[in-house]
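Peer 1: Please read through the structure below; I'll follow up with questions.
Protein chains: 4
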Amino acid sequence: MGRKEREFEQRKREILEAALRLFSQKGYKATSMREIAKESEFAVGTLYSFFPNKRRLYEEIVLEKAREISKRVTSVFDEGLDPLATLKRLVEVKIATLHAYSDFIRLYYSVLWEARFGVKETLSEGVLALYEEYLAKLERVFAEGVDKGIFKDRSPRFYSLAFEGMMNALIQESIHQGFQFSSEEAIELFLGSVLREDGP
Amino acid sequence: MGRKEREFEQRKREILEAALRLFSQKGYKATSMREIAKESEFAVGTLYSFFPNKRRLYEEIVLEKAREISKRVTSVFDEGLDPLATLKRLVEVKIATLHAYSDFIRLYYSVLWEARFGVKETLSEGVLALYEEYLAKLERVFAEGVDKGIFKDRSPRFYSLAFEGMMNALIQESIHQGFQFSSEEAIELFLGSVLREDGP
Amino acid sequence: MGRKEREFEQRKREILEAALRLFSQKGYKATSMREIAKESEFAVGTLYSFFPNKRRLYEEIVLEKAREISKRVTSVFDEGLDPLATLKRLVEVKIATLHAYSDFIRLYYSVLWEARFGVKETLSEGVLALYEEYLAKLERVFAEGVDKGIFKDRSPRFYSLAFEGMMNALIQESIHQGFQFSSEEAIELFLGSVLREDGP
Amino acid sequence: MGRKEREFEQRKREILEAALRLFSQKGYKATSMREIAKESEFAVGTLYSFFPNKRRLYEEIVLEKAREISKRVTSVFDEGLDPLATLKRLVEVKIATLHAYSDFIRLYYSVLWEARFGVKETLSEGVLALYEEYLAKLERVFAEGVDKGIFKDRSPRFYSLAFEGMMNALIQESIHQGFQFSSEEAIELFLGSVLREDGP
DNA sequence: TATGAATGAGTGTTCATTCAT
DNA sequence: AATGAATGAACACTCATTCAT
Numbered sequence: 279m280g281r282k283e284r285e286f287e288q289r290k291r292e293i294l295e296a297a298l299r300l301f302s303q304k305g306y307k308a309t310s311m312r313e314i315a316k317e318s319e320f321a322v323g324t325l326y327s328f329f330p331n332k333r334r335l336y337e338e339i340v341l342e343k344a345r346e347i348s349k350r351v352t353s354v355f356d357e358g359l360d361p362l363a364t365l366k367r368l369v370e371v372k373i374a375t376l377h378a379y380s381d382f383i384r385l386y387y388s389v390l391w392e393a394r395f396g397v398k399e400t401l402s403e404g405v406l407a408l409y410e411e412y413l414a415k416l417e418r419v420f421a422e423g424v425d426k427g428i429f430k431d432r433s434p435r436f437y438s439l440a441f442e443g444m445m446n447a448l449i450q451e452s453i454h455q456g457f458q459f460s461s462e463e464a465i466e467l468f469l470g471s472v473l474r475e476d477g478p
Numbered sequence: 279m280g281r282k283e284r285e286f287e288q289r290k291r292e293i294l295e296a297a298l299r300l301f302s303q304k305g306y307k308a309t310s311m312r313e314i315a316k317e318s319e320f321a322v323g324t325l326y327s328f329f330p331n332k333r334r335l336y337e338e339i340v341l342e343k344a345r346e347i348s349k350r351v352t353s354v355f356d357e358g359l360d361p362l363a364t365l366k367r368l369v370e371v372k373i374a375t376l377h378a379y380s381d382f383i384r385l386y387y388s389v390l391w392e393a394r395f396g397v398k399e400t401l402s403e404g405v406l407a408l409y410e411e412y413l414a415k416l417e418r419v420f421a422e423g424v425d426k427g428i429f430k431d432r433s434p435r436f437y438s439l440a441f442e443g444m445m446n447a448l449i450q451e452s453i454h455q456g457f458q459f460s461s462e463e464a465i466e467l468f469l470g471s472v473l474r475e476d477g478p
Numbered sequence: 279m280g281r282k283e284r285e286f287e288q289r290k291r292e293i294l295e296a297a298l299r300l301f302s303q304k305g306y307k308a309t310s311m312r313e314i315a316k317e318s319e320f321a322v323g324t325l326y327s328f329f330p331n332k333r334r335l336y337e338e339i340v341l342e343k344a345r346e347i348s349k350r351v352t353s354v355f356d357e358g359l360d361p362l363a364t365l366k367r368l369v370e371v372k373i374a375t376l377h378a379y380s381d382f383i384r385l386y387y388s389v390l391w392e393a394r395f396g397v398k399e400t401l402s403e404g405v406l407a408l409y410e411e412y413l414a415k416l417e418r419v420f421a422e423g424v425d426k427g428i429f430k431d432r433s434p435r436f437y438s439l440a441f442e443g444m445m446n447a448l449i450q451e452s453i454h455q456g457f458q459f460s461s462e463e464a465i466e467l468f469l470g471s472v473l474r475e476d477g478p
Numbered sequence: 279m280g281r282k283e284r285e286f287e288q289r290k291r292e293i294l295e296a297a298l299r300l301f302s303q304k305g306y307k308a309t310s311m312r313e314i315a316k317e318s319e320f321a322v323g324t325l326y327s328f329f330p331n332k333r334r335l336y337e338e339i340v341l342e343k344a345r346e347i348s349k350r351v352t353s354v355f356d357e358g359l360d361p362l363a364t365l366k367r368l369v370e371v372k373i374a375t376l377h378a379y380s381d382f383i384r385l386y387y388s389v390l391w392e393a394r395f396g397v398k399e400t401l402s403e404g405v406l407a408l409y410e411e412y413l414a415k416l417e418r419v420f421a422e423g424v425d426k427g428i429f430k431d432r433s434p435r436f437y438s439l440a441f442e443g444m445m446n447a448l449i450q451e452s453i454h455q456g457f458q459f460s461s462e463e464a465i466e467l468f469l470g471s472v473l474r475e476d477g478p
């Protein structure tokens, strides 16, 4: 990649970072191209030489970050661990990754939520695709666990949704409200149960 | 209530329903008063004789529905059940209620999410207040369960967040993606565990 | 005039008085039909059964009041006085009349001014006509005074405009700013001169 | 001042001139931003890149012109003339100046009138301040004339109001109705008297 | 006849997008 | 390639006017 290209990528990156800050704070509609231009120290017109329109700028940044998050989290599936260990590791990595992207989390979940549950004209089908991919891998882990007799015999999708719902709720609370919990607690809760086995 | 008043309420309801459809599909910012007027088959000016401005129209619709949902779900806490039975009942009622309000669910969670995790100047503090109230009652149930030795000794907040996260994820999926599950499965999962007790 | 007609006129009067208060305080554009309805304790629709539109309501009230003022002031010309006495009497009557209509004065001069100096689409040609009539009579007084050798030989229009300008300025100041002056002072100034005849 | 700046000023001037024509003909409220855009041959949005809102556009145009008029007229007070000569000169300069600004006169007097005699929330306090300043200087001239025994012993305010009222009425008539008069006539009338000293 | 709910054209203002420089 | 002035469609909201009751 020559200097030209490197500089081009560098400029694009600066725009994306500036846009991320603003979109994350104020949302898509409430952020204007003029503001992004000011924040990134480019002219409005310049933004349009990198992105065909506001929507694509938004989609691109969201997708890029989502890809980074996805990459980190999904890498767990390639570690060759057994289902139980995979889940444990997944919790750790999810916590670490989402905290690392805490500025973007608000935007991320909101996009994801819109994409999954059907807001018309959603801005990020790409993000949805990544998530579905992740979910599919997660389901495979649960399926394997069930096959191997480690997990009770329930639908892998059911397990996946429950796992994701629980973990995401805890992580969001920890990022936005400062609620503290460890990955051990979380995985124990999910795996263990809330019922004491030895009863009262 | 005379005919006039009844008609007034009827018209107001028609506007609110039309607005609900649009806000739910496209969000607050992306829905224009003109569209609401068209959808409700009133003139723009008429909207303003029922609501002082767009924001209040939005808040009114969201708060009304949220109150109805809250009322139904929270009523479970008044049934005088023990913690375990309360949780079971809660899952049933949540599923039934949220399905009954399926048009509104998208908007509901999105408002709640914005209110809890972000976005200054949220449009619905009332909704947040209702949810926090619910969460407080749920925590009390878990606290009681822990006290009585039914549940393992963990923070009630931790339990509540996990419970809510898991159930909401399952219910949302069932509403929007047609994923089917029973309340028994859900509560068993939460209470029971994913691990077989007799292991492999 | 039967009861019906009397009542009709009475209602019309109430509307006009209410409208006058509002137009006078806030101007034509800033006063809404709804406000006039509220102030007059009629429904908006009722206003339209007395006046075909807002503009005519405005014109009618302005014209009515202008006619009253005009009648009182113009009556001086019918008193059969000589030019000098007419001017003196005119000053007295103008002061008294305009003070009596002080609520309306702001509106009156503003309409007159617009009508005379050509704001397009002026709302009150009738008021202009009345004033021109008055001015014509005043010119005749000056013409007579010049003919009789009482006044220096200048154009009656010149005299009239100067007289009106001076008197109106003083009267407006007295009404709006509380500046006090007597009709004697005013007429002496106009007739006398500012120069001492015996010089320094 | 570079080409850019010059062009900026030129465009701003074109907008101001267009707005002046419209405000002058129809008044503030009755003139819409769209009309100003059309008249100035710019887009609506362009207007807002020169002025933050309609009101400021109005104030700017009014205040600018008022300042120019004020500057020219008030300069007479700095010529070091005696009271009598000052008044003579003032009449000449007022006539010349107001004729030079004849497009603006209608608006000028209307703003001045509103500011002096009425209307809360006037749009141009600056214009009023300029006029009060002028009036104060004029009063000082009359006070000096009285002190020196040139003028009869009357209140300077009284003299000033009468002078202004008379002259403005004449000048307005000459601008709007084509009535012709010379400064000599006007000042003679004011100073001299309408009464022949040698009577009939 | 009197009412006021309903209408929709019109308002001031914003902002994504274009394009001459 | 980069700029930002210019554009005009779109927005939330107002209000003179109409008309079913």
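Residue numbers (our numbering), protein chains in the order written: chain A, 279 to 478; chain B, 279 to 478; chain C, 279 to 478; chain D, 279 to 478. Cβ coordinates follow ideal geometry from the N, Cα and C atoms, glycine included.
#1: Here's a check: name, in chain order, each residue in its chain whose Cβ is nearer than 8 angstroms to the Cβ of B:Asp381, leaving out the five neighbours to either side.
#2: Sort A:Glu292, A:Ser353, A:Asn331 by Cα distance to A:Ser318 and report the nearest one.
#3: Would DSSP call D:Phe301 helix, strand or coil?
#4: Using a cut-off of 9 angstroms between C-beta atoms, extract the partners of B:Lys307 located in chain A.
#5: Going by DSSP in three states, D:Phe429 sits in which element: helix, strand or coil?
#6: Could you have a look at A:Arg289 and say whether DSSP puts it in helix, strand or coil?
#7: DSSP three-state call for D:Glu319: helix, strand or coil?
#8: Nearest CA to the CA of B:His454: which residue from A:Glu346, A:Glu357, A:Pro330, A:Phe395?
#9: Any beta-carbon of chain D closer than 8 angstroms to the one on C:Asn446?
#10: Note down the Cα distance separating D:Leu413 from D:Ser438, rounded to an integer number of angstroms.
#11: Is there a C-beta anywhere in chain B that falls below 8 angstroms from the one on A:His377?
#12: Does the separation of the CB atoms of A:Lys415 and A:Thr375 fall below 8 angstroms?
#13: For B:Thr324, is the classification buried or exposed, using 16 other Cβ atoms within 10 angstroms of its Cβ as the cut-off for buried?
#14: How should A:Val322 be labelled, buried or exposed, when 16 other C-beta atoms within 10 angstroms of its C-beta is the threshold for buried?
#15: By the three-class DSSP mapping on this structure, what secondary structure does A:Tyr412 have?
#16: Around the Cβ of A:Arg435, are there at least 16 other Cβ atoms within 10 angstroms (buried) or fewer (exposed)?
#17: Is the separation between the beta-carbon of B:Tyr379 and that of B:Lys343 shorter than 8 angstroms?
#18: Pair every Cβ in the segment 328-340 of chain B with every Cβ in the segment 354-367 of chain B, then say whether three or more of these pairs are closer than 8 angstroms.
#19: Is DSSP giving D:Asn331 helix, strand or coil here?
#20: Check whether the Cβ of B:Val472 lies closer than 8 angstroms to any Cβ atom in chain A.
#21: Since A:Ile449 and A:Lys372 should fall inside the 8 angstroms C-beta cutoff, what is the C-beta to C-beta distance between them, to a whole number of angstroms?
#22: Assign C:Ser388 to buried or exposed, taking buried as 16 or more other Cβ atoms, counted over all protein chains shown, within 10 Å of its Cβ.
#23: Measuring CB to CB, does D:Gly443 end up less than 8 angstroms from C:Gly443?
#24: Determine the direct distance from the alpha carbon of C:Glu422 to that of D:Arg432, and round the result to whole angstroms.
#25: In whole angstroms, give me the CA-to-CA distance for B:Ser402 and B:Arg345.
#26: If you draw a straight line from the C-alpha of A:Glu338 to the C-alpha of A:Gly404, how long is it?
#27: Could you check if B:Glu462 is buried or exposed, using at least 16 other CB atoms within 10 Å of its CB as the buried criterion?
#28: For A:Ala488, return the contacting residues in chain B, with the cut-off set at a CB-CB distance below 7 angstroms.
#29: Tell me whether the beta-carbon of B:Leu294 lies closer than 8 angstroms to the beta-carbon of B:Val340.
#30: Could you tell me if D:Gly305 is buried or exposed, where buried requires 16 or more neighbouring beta carbons within 10 angstroms of its beta carbon?
#31: Closer than 7 angstroms to a non-hydrogen atom of the ligand GTP - does that hold for the CB of B:Arg367?
#32: Let me know if D:Glu283 comes out buried or exposed under the rule of 16 or more other beta-carbons within 10 Å of its beta-carbon.
#33: Taking Cβ positions, are A:Met445 and A:Val369 nearer each other than 8 angstroms?
#34: Quick check on DSSP: helix, strand or coil for D:Gln458?
Peer 2: Let me spell this out:
#1: Leu298, Arg299, Ser302
#2: A:Glu292
#3: helix
#4: Gly305, Tyr306, Lys307, Ala308
#5: strand
#6: helix
#7: coil
#8: A:Phe395
#9: yes
#10: 7 angstroms
#11: no
#12: no
#13: exposed
#14: exposed
#15: helix
#16: buried
#17: yes
#18: no
#19: coil
#20: Reliability fails at B:Val472, whose pLDDT of 49 lies under 50, so the model's placement of it is uncertain and no value is given.
#21: 6 angstroms
#22: buried
#23: yes
#24: 30 angstroms
#25: 12 angstroms
#26: 9 angstroms
#27: exposed
#28: For residue 488 of chain A there is no data in the structure shown, the boundaries of chain A being 279 and 478.
#29: no
#30: buried
#31: Here there are no bound small molecules, and the ligand GTP is not part of this structure.
#32: exposed
#33: yes
#34: coil
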